[in-house]
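Engineer:
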Amino acid sequence: MNIIDVIEKEQIKKALPQFSVGDQVDVSLKIIEGDKERIQVFSGVVIARNGGGFKETFTVRRIVQGEGVERVFPIHSPQITDIKVIKSGKVRRAKLYYMRERTAKGTRLQEKYVKEETRTAGVASSEEQK
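According to numbering that gives the first Met the number 0, the residues represented by the sequence shown are 0 to 129, in order.
1) Three-state secondary structure (DSSP) at Q159?
2) Where does K12 land, buried or exposed, given buried means 16+ other C-beta within 10 angstroms?
3) Once DSSP output is grouped into helix, strand and coil, what is the label at R99?
4) Can the beta-carbon of V59 be found less than 8 Å from the beta-carbon of V84?
5) Cutting at 8 Å between CB atoms, please list the residues of its own chain near Y112, excluding the five before and the five after it.
6) Going by beta-carbon coordinates alone, are F18 and I62 separated by less than 8 Å?
7) Report the rounded CA-to-CA distance for H75 versus G52, giving the unit in angstroms.
8) Between K86 and E110, is the Cβ-Cβ spacing less than 8 Å?
9) If you compare alpha carbons, which of K35, F57, N49 and E32 is closest to R41?
10) When DSSP builds the beta bridges, which residues end up paired with V44?
11) Can you round the beta-carbon distance between R99 and G67 to whole angstroms, since I take them to be within the 8 Å contact cut?
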């Protein structure tokens, strides 16, 4: 292993949620302003995932005051404190760049069907942790 591989291995985050293109996510970012720190949440739909390993990125799109806003996040960035999956979208494409031309109801995605047993198992395990 060379030095770059060693440094990348140290920086890789282990506990990342499973999310894919079409999912609605909340990305919590650590913002440093002067000597103060705060958490800012960017919510939207994942329209692309690029790269692999340490250099992997994902693009999140949302509408703010009638304008589309896209932001590209490195998955293993130290500024990202948390990624929460709100809904899983049912899509048949790896990149959802066609969403840029769509407006209003055209941007809605069907929700992915999840078995009831899986949902309750996830809820039960999270309740046990509390």
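Each residue gets a CB set at the ideal place from its N, CA and C atoms; glycine is no exception.
Structural biologist: Per the coordinate set shown:
1) Missing from the structure shown is residue 159; the chain here goes from 0 to 129 and no further.
2) exposed
3) helix
4) no
5) K89
6) no
7) 9 Å
8) yes
9) It is Phe, not Arg, that sits at residue 41 in the sequence shown. Among K35, F57, N49 and E32, the Cα nearest to that of F41 is on F57.
10) Q23 and R60
11) 6 Å
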